């Protein structure tokens, strides 16, 4: 894509750099191959262990049932089936039995018809599981009401009308599921239609993407516009309302505003869909949320790192930098969707791009180890001049750009220095050394010429005059460690002229009023998690919910006001959360095996326990409140009796029988039984509180379950798309009225089915918003709303359940 008319070759990628990148890619490929081989070894070990147990127990074995293989002695469980405690599903693969194994343990794979773009059946499960933590290219088409079957490797289900059972397959693994005795399985099952109910996005994120994005907050009228996951949010603080631009198909990476103050451009990463999932830029009207133009589909590689409108000539041009190896810079006449030129930008990452204030033929880009000044001539040829540092120390990265009243370029860098590059030149004309300790993440020039800078390491906001001199009566403002360093600074138009909306690296939005004065005031607009997010729970009253993350922070939220009631820091990354039935206590499971019981009133820790050495994927109180079940990555479920004093909780039983980590658990309505699913697609049943295994699956067919969160079972077997490997669905929730079933999957989708969903090829309504694997879904007790959490996007979405026809 290089433009041969580029006049400078100073910044072309070096051959050594290319070789190094190629070697890194090969090493990564080899590592993935090794992981896949380890996975296959684990499969064989698990299968061998299971066969040995079956042989040992042969005299007592009757018919193959839901738990026939797992009901035998488990005294010699292979250690390889225990999962690494720090990775969860996001970075580990369940121990999977060989497809040759004839043991019939439930783990469903009945296929929901799926779009062709959604499946990638050739990807090794280990790689796909790892992608839950490290990739975000999973977002699929918006509001697809149903699917059409497209999988080529689908396995038909097998029905036994005599036993009233259905056998399905995941990764070739047979799974036997029994229908309730009150249900009659039809001889020729028909797919279940999607429900008439629909979801509409009510509130986004309880956070903001500041962890790894820049220049992504704009004030449009009374609204604050920013993005998180796959959604651009337009938030009005006065009315406490949000509007959402939902047309992206994956993670949004960049945002820009047109000189008209209304038109926006947003760029995204590569998605999963063949065409719509390609990186592209969408230009849209922020007042109507209508798309004006889509450009660059098929033109960009990996992601759109930067977008910028020209500031002159009616903003007719748009500059785009992608994340290819050459970080290609392209210039577009966006109204005509016409590309004017493209050229290699730099071999290193590009962090910012901007047109010159008074010239749509001039562009500045900066990033790792470089700043470039570009000029477009009348023949649409582009030339580049590298910034010359001369005697000044060259930083590892130039992180942000701004323009002063003289149209000079201001840059902030990783050394904490601010450089002034004279208008029209590529040399430093002025410098402010050590303006901050470490990175300067943003620079803003105010209408009066004053300059605001935001530091990374020191977390400070500082004010300078137009000559880069400190203003005497303007003391620097240091943000708290909890808030995090300022990532993006957006001035608010107000009388004092020194109020700002600030996005932080910890994914918070804050408002700074009357900054740098004795009357300065800082308040949260929006708080969020900044690391992998799995844990969530809603209280029985439906007015509060709790969230917890690998960032070691627990939040209790008011569901109506969407505000934080309290937050609590703990020593370990948090994995799971639940309320007790009365709602006065919250249990939090961590990635180390430790779990806490907290007061829901103030977050005070009442007790702490340790259940095994690995992460705790699920905690759940029994419906009668007398017990709590703790499901661990060490393959066990621990059952504790509950006391008035949480420190007196007592271990009563230990469910031993799974050969892989526990993924989900449910209590029966009478609190006498548990069902659990594991990473190797088992569905097993247990007596409570003893933890004794119920070896007859058919005997459990009529048990009524308080919740339905297990991804395996007759009533949910229709959620699985054809060709599923068993890890595609991360979360399941049945509505309290028993009419709906929600799931969250690896493809960023929230899916809504009818309940029960017990027929192959069942259709669903699908909704996007998350840009990575959806880790949890929860209905509110009145079924009016659904809560969903995104793993890598750290985002919480609140959906309204609309009973009108979809």
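Residue numbers (the numbering used here): 2 to 807. Note that the Cβ used here is the ideal one computed from N, Cα and C, for glycine as well. Since the model is a prediction, treat every value here as computed from it, not as a measurement.
{"query": "For residue 687, three-class secondary structure by DSSP", "result": "strand"}
{"query": "Span of the beta strand (DSSP E), counted from its first residue to its last, around residue 387", "result": "383 to 387"}
{"query": "At least three beta-carbon pairs within less than 8 Å, the stretch 447 to 455 to the stretch 403 to 413", "result": "yes"}
{"query": "Own chain, CB closer than 6 Å to residue 623, minus 5 neighbours either side, in chain order", "result": "668, 672"}
{"query": "Spatially closest choice to residue 677 from 647, 322, 630, by CA coordinates", "result": "630"}
{"query": "Helix, strand or coil at residue 12 [DSSP, three-state]", "result": "Model confidence at residue 12 stands at a pLDDT of 40, short of 50, so the residue's coordinates are unreliable and nothing is read from them."}
{"query": "Opposing strand residues paired with residue 790 [DSSP bridges]", "result": "777, 797"}
{"query": "Cβ-Cβ separation, residue 754 to residue 727 (assumed contact under 8 Å), whole Å", "result": "18 Å between Cβ atoms; not a contact."}
{"query": "Through-space distance from residue 190 to residue 729, alpha-carbon basis", "result": "24 Å"}
{"query": "Nearest candidate by alpha-carbon position, reference residue 594, set 577, 606, 499, 697", "result": "577"}
{"query": "Endpoints, the beta strand (DSSP E) within which residue 766 is located", "result": "766 to 768"}
{"query": "For residue 190: DSSP bridge partner residues", "result": "Beta-bridge pairing links residue 190 to no other residue."}
{"query": "Burial state of residue 542 (16 or more Cβ within 10 Å)", "result": "exposed"}
{"query": "Residue 718 - DSSP class collapsed to helix/strand/coil", "result": "helix"}
{"query": "Cβ-Cβ distance between residue 182 and residue 702 below 8 Å", "result": "yes"}
{"query": "Which listed residue (637, 609, 674, 627) has its alpha carbon closest to that of residue 648", "result": "609"}
{"query": "Residue 775 vs residue 751 beta-carbon contact at 8 Å", "result": "yes"}
{"query": "Test item: CB-CB of residue 483 and residue 428 under 8 Å", "result": "no"}
{"query": "Between the CA atoms of residue 229 and residue 242 - distance to the nearest angstrom", "result": "16 Å"}
{"query": "Proximity of residue 355 and residue 328 at Cβ, strictly below 8 Å", "result": "no"}
{"query": "Opening and closing residue of the beta strand (DSSP E) in which residue 499 lies", "result": "From DSSP, residue 499 is part of no beta strand (DSSP E); its letter is neither H nor E."}
{"query": "Neighbour-count burial assignment, residue 700, 16 or more Cβ in a 10 Å radius", "result": "exposed"}
{"query": "DSSP beta-bridge partners of residue 514", "result": "522"}
{"query": "Proximity of residue 827 and residue 206 at Cβ, strictly below 8 Å", "result": "One cannot answer for residue 827 here, as it falls past the ends of the chain, which runs 2 to 807."}
{"query": "6 Å Cβ shell around residue 794 - same chain, five flanking residues per side excluded", "result": "230, 771, 772, 773"}
{"query": "Alpha carbon of residue 68 to alpha carbon of residue 625, nearest angstrom", "result": "Any reading at residue 68 is ruled out, since the residue's pLDDT is 35, under 50, leaving its predicted position unreliable."}
{"query": "Beta carbon of residue 852 nearer than 8 Å to that of residue 279", "result": "Because the chain in this structure spans residues 2 to 807, residue 852 falls outside the shown range and cannot be described."}
{"query": "Three-pair Cβ contact test at 8 Å for the stretch 196 to 212 versus the stretch 158 to 172", "result": "no"}
{"query": "Residues of its chain near residue 211, where Cβ-Cβ distance is below 6 Å and the 5 sequence neighbours each way are ignored", "result": "488, 504, 505, 506, 508"}
{"query": "With 16 other Cβ atoms within 10 Å as the buried cut-off, status of residue 561", "result": "exposed"}
{"query": "Close Cβ partners of residue 244 (< 7 Å) along its chain, the five nearest in sequence each way excluded", "result": "235, 290"}
{"query": "Integer-rounded CB distance, given that residue 628 should sit under 8 Å from residue 655", "result": "Not confirmed; about 13 Å, so no contact."}
{"query": "Proximity to residue 588 [Cα-Cα], best of 705, 620, 573", "result": "620"}
{"query": "Extent of the continuous beta strand (DSSP E) to which residue 492 belongs", "result": "487 to 493"}
{"query": "Distance, residue 421 Cα to residue 319 Cα", "result": "25 Å"}
{"query": "Boundaries (first-last residue) of the beta strand (DSSP E) holding residue 203", "result": "199 to 206"}
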